[in-house]
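Numbering (UniProt numbering), first residue to last: 3 to 286. Note that beta-carbon positions come from the ideal geometry of N, C-alpha and C, so glycine has one too. Heads up, the thing below is written out as structure tokens.
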Ligand code: PLP
């Protein structure tokens, strides 16, 4: 595997960052994951816009312009011969003598890696999973896609130990925020499709944005209105979205069947729309 590290393409096992990289010492960095389908990126514009926003929010300069970054992303994908998989990019504030306050005149550090993944699932019935609930113990600016993922890792590990795919996070007020690495959607007891509104307490998912556009085009109704834990447990359908989960139905929550315990009609419809959208991206 080949990685890109600060201007050079290097074998990944030899790739390394400085011990005083602020991403390593303080988690002072941001990242993006883009799905590669049929050798092309899905929702590139959304991901690059979110990366730019994350950098802006933390006052980290862009390591390079979007056009140049795309060239690097494509080159890493090409050198690793990825047709289906992901590309990962991480930007840290850079290398400086350890001090909490920002260093002056330090160039941001950019690392890009890619890896093979399974092809986009074609059958939603083979693409189901289960979820547990876990407390959301993250900080107050999770809308910035930083590499500070320890609470997310703890929640995902809890899910794995329970044999589940995802941990759905519940905040201190008893409301659903999002999954440990996914956006949460549910069809409530009244049949209304809902996902939480955007603010500082969830990551603005690119797949969420893409799915919303697809629904608007198709005239599918939904509400940007969060759910309480009780509403989640009473939901007819629960599904997740992310660049690597696509549209993924959760058929059990904390061991209890969601609805009929099979993918529901809304998830099915969105899965089909998103699959077509991802295929479309591959033919741009
Ligand atoms: N929420 C969190 C906490 C995430 O880490 C992710 C993706 O990594 C998402 C939501 C989904 O975002 P996207 O659809 O852009 O992959």
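Original post:
Which runs of the alpha helix (DSSP H) fall wholly inside the segment 43-115 and span at least 4 residues, in chain order?
Top reply: Segments of the alpha helix (DSSP H) lying fully in the segment 43-115: 46-59, 68-81.
Original post:
Mapping DSSP to helix, strand and coil, what is residue 26?
Top reply: Look at residue 26 here: in three-state DSSP terms it is helix.
Original post:
How about residue 133 and residue 160: do their beta carbons lie closer than 8 Å?
Top reply: No, the Cβ-Cβ distance between residue 133 and residue 160 is not below 8 Å.
Original post:
Can you tell me whether DSSP reads residue 202 as helix, strand or coil?
Top reply: Note: residue 202 maps to coil in three-state DSSP.
**OP:** Verify the contact flag: residue 208, CB atom, against every heavy atom of ligand 1, threshold strictly below 7 Å.
**Re:** Here the distance from the Cβ of residue 208 to the nearest heavy atom of ligand 1 is below 7 Å.
Subject >> Rounded straight-line distance, which links the Cα of residue 228 to that of residue 199 >> reply: One C-alpha to the other measures close to 6 Å.
Original post:
Looking at residue 94 and ligand 1, is the gap between the Cβ and the nearest heavy atom below 7 Å?
Top reply: Checking the Cβ of residue 94 against ligand 1 gives no.
Original post:
The beta strand (DSSP E) spanning residue 10 covers which residue range?
Top reply: For residue 10, the enclosing beta strand (DSSP E) starts and ends at 10-13.
**OP:** Could you name the residues of the same chain whose beta carbon sits closer than 7 Å to that of residue 210, not counting the 5 residues immediately before and after it, in chain order?
**Re:** Result list for residue 210: 185, 197, 243, in chain order.
Original post:
Does ligand 1 have even one heavy atom less than 7 Å from the beta-carbon of residue 180?
Top reply: Checking the Cβ of residue 180 against ligand 1 gives yes.
Original post:
Where does residue 180 land, buried or exposed, given buried means 16+ other C-beta within 10 angstroms?
Top reply: Looking at its Cβ environment, which holds 16 or more other Cβ atoms inside 10 Å, residue 180 is buried.
Original post:
Cβ of residue 283 within 8 Å of Cβ of residue 42?
Top reply: Yes.
**OP:** Report whether the distance from the Cβ of residue 205 to the nearest heavy atom of ligand 2 is below 7 Å.
**Re:** Within the structure as shown, ligand 2 is missing, the only ligands being ligand 1.
**OP:** Could you name the residues of the same chain whose beta carbon sits closer than 7 Å to that of residue 26, not counting the 5 residues immediately before and after it, in chain order?
**Re:** Residues of the same chain with a CB within less than 7 Å of the CB of residue 26, apart from the 5 flanking positions on each side, are 19 in chain order.
Original post:
Do residue 113 and residue 6 come within 8 Å of each other at the CB atom, strictly closer than that value?
Top reply: It is a contact, given that the beta carbons lie within the stated cut-off.
Original post:
Nearest-angstrom Cα distance between residue 121 and residue 79?
Top reply: So the two alpha carbons sit approximately 15 Å from each other.
Original post:
Where does the unbroken beta strand (DSSP E) through residue 5 begin, and where does it stop?
Top reply: Per DSSP, residue 5 belongs to the beta strand (DSSP E) from 4-7.
**OP:** Could you check if residue 187 is buried or exposed, using at least 16 other CB atoms within 10 Å of its CB as the buried criterion?
**Re:** Flag for residue 187 reads buried.
Subject >> Through-space distance from residue 192 to residue 30, alpha-carbon basis >> reply: Roughly 43 Å between the two C-alpha positions.
Original post:
What is the DSSP secondary structure of residue 193, reduced to helix, strand or coil?
Top reply: Three-state result, residue 193: coil.
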